[in-house]
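Trainee: Protein chains in written order, with our numbering: chain A, 47 to 194; chain B, 2 to 267. Beta carbons: idealized from backbone N, C-alpha and C, even for Gly. Before anything else, here's the structure in question.
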């Protein structure tokens with residue numbers, strides 16, 4: 047992984063661990079949820095929050111993305127975001143709710159539409175624990191690389 | 002105390018920590034086992050003999066040795082860790098002899114950082130209680146504390162993704178155990194000694210100085226004594242640090258045992 051990217055990851059995780067992002071979430075969750083539901087891009091959300099807070103945004107963009115993973119269980123890839131947003135919109139139209147965001151907490155990971163079981167590959171049964179450890183970890187490392 | 006020192010990365014200081022911090026300071030006799038790819042007997046190091054063992058041969062002598070003795074150190078290096086994990090997995094509860102698991106991490110080594118998360122994940126797959134695991138930061142140099150912070154954050158991020166339960170145990174991802182870079186370690190290995198042995202009166206700094214003065218007219222002898230003084234002065238510092246780490250670890254693990262018992266009672 048590039049050194050610069052690694053630095054960013056570390057900074058973001060550090061901020062998350064320091065609890066700054068939790069405070070930020072508590073103070074701004076309604077605004078974030080509203081922007082999220084309006085379909086504003088992550089970068090857009092970040093910029094708007096920056097304006098709302100007169101530039102006093104005390105978490106980094108990376109930490110903000112991590113915050114979304116933590117709180118909304120959302121994978122920060124644009125296509126996933128769009129997929130999620132479209133299905134959320136569809137649900138809202140079906141329910142004909144006026145403004146569910148302000149009445150209910152932000153969507154949880156369980157609400158994000160998932161592939162049906164038929165579409166999913168069958169869960170792999172590992173004979174050797176070492177294969178399971180290595181495959182799981184290789185996957186985590188490559189996902190981490192992709193995300194950042 | 003019975004300790005397993007393991008790592009998915011080579012050359013992290015596993016043997017140094019096993020030997021300097023634990024085996025040489027534990028109540029004797031110590032059963033010191035090193036998993037190896039080939040079985041070529043044992044070798045002597047400091048106060049204890051290190052017994053080489055192939056992971057697949059852990060049924061007889063291994064079970065006996067690790068259970069009969071109160072002081073055990075088991076080293077599992079990168080070249081055999083996969084074999085060892087597979088063998089442990091085949092035999093449930095075989096790791097229950099161990100009071101603690103130590104993972105050495107080289108300060109500033111990115112690959113080792115990712116591998117450490119993998120080792121933590123592996124231990125969770127073998128149902129090792131997180132309370133029993135500690136990281137030892139090795140080859141620490143002045144001003145590299147920030148590097149450890151970054152490594153801790155990276156490990157935290159990776160184990161959180163692996164969802165193995167380790168992330169909830171704050172005791173693991175700390176900077177409690179730091180072993181600085183001691184050049185004298187190479188001499189210790191060459192001399193087949195541990196720093197603990199430098200507590201013996203024959204290595205007392207003042208006595209050595211007196212000896213040097215007495216032999217000042219014998220260049221060969223004087224050189225030999227001054228070499229001894231050099232090594233002894235550095236070994237003493239290493240000894241002090243390792244003794245501090247050992248005492249801290251022993252006290253820490255006594256608390257961890259209580260925590261593990263409470264968890265299992267629940």
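In this structure, how does DSSP classify residue 180 of chain B when only helix, strand and coil are distinguished?
Mentor: As a first step, residue 180 of chain B is located in the second chain; it is residue number 179 there, counting from the start. If DSSP states are grouped into helix, strand and coil, residue 180 of chain B belongs with the strands.
Trainee: Which residue comes first and which comes last in the alpha helix (DSSP H) that contains residue 190 of chain B?
Mentor: Sequence index remark: in the second chain, residue 190 of chain B carries index 189 (1-based). Taken as a continuous stretch (DSSP letters only), the alpha helix (DSSP H) holding residue 190 of chain B covers 185 to 191.
Trainee: Just the chain B side, please: which residues come within less than 9 Å of residue 89 of chain A by C-beta, in chain order?
Mentor: Numbered from its first residue, the first chain carries residue 89 of chain A at position 43. Correct list: empty, because the minimum Cβ distance to chain B is about 21 Å.
Trainee: What are the start and end residues of each continuous alpha helix (DSSP H) run of 4 or more residues lying completely inside the region 23 to 85 of chain B, in chain order?
Mentor: Those alpha helix (DSSP H) runs which fall completely within the region 23 to 85 of chain B and span 4+ residues are 62 to 69.
Trainee: Report yes if the C-beta distance between residue 74 of chain B and residue 179 of chain B is below 8 Å; otherwise report no.
Mentor: Numbered from its first residue, the second chain carries residue 74 of chain B at position 73. Numbered from its first residue, the second chain carries residue 179 of chain B at position 178. In this structure, residue 179 of chain B does not lie closer than 8 Å to residue 74 of chain B by Cβ.
Trainee: Is the CB of residue 123 of chain B under 8 Å away from at least one CB in chain A?
Mentor: In the second chain, residue 123 of chain B corresponds to position 122, counting from 1. So yes, residue 123 of chain B belongs to the interface.
Trainee: What residues from chain A crowd round residue 87 of chain B, counting only those whose CB sits closer than 8 Å?
Mentor: Numbered from its first residue, the second chain carries residue 87 of chain B at position 86. Going along chain A in sequence order, the residues near residue 87 of chain B (Cβ under 8 Å) are 174, 175, 176.
Trainee: Quick one: list the residues of chain A neighbouring residue 159 of chain B, beta-carbon separation under 9 Å, in chain order.
Mentor: Stepping through the second chain from its first residue, residue 159 of chain B is reached at position 158. Within 9 Å Cβ-Cβ: 183, 186, 187, 190.
Trainee: Closer than 7 Å by C-beta to residue 254 of chain B: which residues in its own chain qualify, once you throw out the five before and the five after it? Chain order, please.
Mentor: In the second chain, the residue the question calls residue 254 of chain B occupies position 253. Excluding positions up to five away in sequence, the list reads 2, 100, 101.
Trainee: In chain A, what lies closer than 8 Å to residue 126 of chain B by C-beta?
Mentor: As a working mapping, residue 126 of chain B is identified with position 125 in the second chain. Here the neighbours are 175, 178, 179.
Trainee: Report the residues of the region 74 to 85 of chain B with a CB closer than 7 Å to any CB of chain A, ordered along the chain.
Mentor: Correct list: 83.
Trainee: Helix, strand or coil: which one does DSSP assign to residue 101 of chain B?
Mentor: Numbered from 1 along the second chain, position 100 holds the residue referred to as residue 101 of chain B. Here residue 101 of chain B sits in strand by DSSP.
Trainee: Taking the continuous alpha helix (DSSP H) assigned at residue 4 of chain B, which residues delimit it?
Mentor: Your numbering for residue 4 of chain B matches position 3 in the second chain. Unbroken run through residue 4 of chain B is the beta strand (DSSP E), 3 to 7; no alpha helix (DSSP H).
Trainee: With burial defined as no fewer than 16 other Cβ atoms inside 10 Å of the residue's Cβ, what is the status of residue 91 of chain A: buried or exposed?
Mentor: Counted from its first residue, the first chain places residue 91 of chain A at position 45. The residue is buried, with at least 16 neighbouring Cβ atoms inside 10 Å.
Trainee: From the DSSP output, which residues share a beta bridge with residue 139 of chain B?
Mentor: On the second chain, residue 139 of chain B is found 138 positions in, with the first residue counted as 1. Paired residue(s): B:107, B:180.
Trainee: Should the region 28 to 35 of chain B be called in touch with the region 152 to 169 of chain B, which here means at least 3 C-beta pairs below 8 Å?
Mentor: The region 28 to 35 of chain B vs the region 152 to 169 of chain B: no contact.
Trainee: Exposed or buried, which one is residue 202 of chain B when buried takes at least 16 other CB atoms within 10 Å?
Mentor: The count along the second chain starts at 1 and reaches residue 202 of chain B at position 201. That one is exposed.
Trainee: In the DSSP assignment, the alpha helix (DSSP H) including residue 207 of chain B goes from what residue to what residue?
Mentor: Position 206 of the second chain, counted from the first residue, corresponds to residue 207 of chain B. Taken as a continuous stretch (DSSP letters only), the alpha helix (DSSP H) holding residue 207 of chain B covers 206 to 215.
Trainee: Compare the C-beta of residue 163 of chain B with all C-beta atoms of chain A and state if any pair is closer than 8 Å.
Mentor: To locate residue 163 of chain B, count along the second chain from 1; it is residue 162. Yes, because at least one Cβ of chain A sits closer than 8 Å to the Cβ of residue 163 of chain B.
Trainee: Using DSSP's beta-bridge definition, name the partner residues of residue 134 of chain B.
Mentor: As a first step, residue 134 of chain B must be located in the second chain, where it is residue number 133. Per DSSP, B:102.
Trainee: Roughly how far, in whole angstroms, is the beta-carbon of residue 173 of chain B from the beta-carbon of residue 127 of chain B, given that I think they are within contact range, below 8 Å?
Mentor: For the purposes of this step, residue 173 of chain B is taken as the residue at position 172 of the second chain. For the purposes of this step, residue 127 of chain B is taken as the residue at position 126 of the second chain. Not confirmed; about 15 Å, so no contact.
Trainee: With a threshold of 8 Å, are at least 3 pairs of Cβ atoms found where one atom belongs to the region 107 to 114 of chain B and the other to the region 177 to 184 of chain A?
Mentor: Flag = no, the region 107 to 114 of chain B and the region 177 to 184 of chain A do not touch.
Trainee: Distance check for residue 19 of chain B and residue 251 of chain B, CA to CA, integer angstroms please.
Mentor: Numbered from 1 along the second chain, position 250 holds the residue referred to as residue 251 of chain B. Numbered from 1 along the second chain, position 18 holds the residue referred to as residue 19 of chain B. Those two C-alpha atoms are separated by around 14 Å.
Trainee: Step through the CB atoms of chain A and report whether any lies within less than 8 Å of the CB of residue 176 of chain B.
Mentor: To locate residue 176 of chain B, count along the second chain from 1; it is residue 175. False, the Cβ-Cβ gap to chain A never drops below 8 Å.
Trainee: Give a yes or no on whether the minimum CB-CB distance between residue 197 of chain B and chain A is below 8 Å.
Mentor: Residue numbering aside, residue 197 of chain B sits at position 196 when the second chain is read from its first letter. Cβ-Cβ to chain A under 8 Å: no for residue 197 of chain B.
Trainee: Of the choices B:142, B:149, B:62, B:205, whose alpha-carbon is the least far from that of residue 229 of chain B?
Mentor: Translated into the one-based positions of the second chain, residue 229 of chain B becomes position 228. Closest by alpha carbon: B:205.
Trainee: Under a Cβ-count criterion, where at least 16 other Cβ atoms within 10 Å of its own Cβ denotes burial, should residue 163 of chain A be classed as buried or exposed?
Mentor: Your numbering for residue 163 of chain A matches position 117 in the first chain. Caution applies to residue 163 of chain A, whose pLDDT of 48 falls short of 50 and renders its modelled position unreliable; the value that the coordinates give is listed next. Exposed, since its Cβ has fewer than 16 Cβ neighbours within 10 Å.
Trainee: Relative to the C-alpha of residue 35 of chain B, which residue among B:55, B:23, B:21 is closest?
Mentor: Position 34 of the second chain, counted from the start, is the residue given in the question as residue 35 of chain B. Looking at the Cα atoms, B:55 is the closest of the given residues.
Trainee: Given that a residue counts as buried once 16 or more other Cβ atoms are within 10 Å of its Cβ, and exposed if not, what is residue 220 of chain B?
Mentor: As a first step, residue 220 of chain B must be located in the second chain, where it is residue number 219. Residue 220 of chain B comes out exposed.
Trainee: Say the cut is 7 Å; is the CB of residue 10 of chain B nearer than that to a heavy atom of the ligand FMN?
Mentor: This structure lacks the ligand FMN, and indeed carries no ligand of any kind.
Trainee: If you run the structure through DSSP and keep just helix, strand and coil, what is residue 253 of chain B?
Mentor: In the second chain, the residue the question calls residue 253 of chain B occupies position 252. Residue 253 of chain B: helix per DSSP, three-state reduction.
Trainee: Quick check: what's the CA-CA separation for residue 75 of chain A versus residue 147 of chain B?
Mentor: Counted from its first residue, the first chain places residue 75 of chain A at position 29. Counted from its first residue, the second chain places residue 147 of chain B at position 146. Between residue 75 of chain A and residue 147 of chain B, the C-alpha separation is close to 31 Å.
Trainee: For a quick check, are the C-beta atoms of residue 114 of chain A and residue 88 of chain A less than 8 Å apart?
Mentor: Position 68 of the first chain, counted from the start, is the residue given in the question as residue 114 of chain A. Position 42 of the first chain, counted from the start, is the residue given in the question as residue 88 of chain A. Yes, they are a contact pair.
Trainee: Of the choices B:98, B:115, B:116, whose alpha-carbon is the least far from that of residue 130 of chain B?
Mentor: Taking the second chain and counting its residues from 1, the one referred to as residue 130 of chain B is at position 129. Considering only alpha carbons, the answer is B:98.
Trainee: So is residue 115 of chain B in contact with chain A if we call contact Cβ pairs under 8 Å?
Mentor: Counting from one through the second chain, the residue named residue 115 of chain B turns up at place 114. Yes - at least one Cβ of chain A is within 8 Å of the one on residue 115 of chain B.
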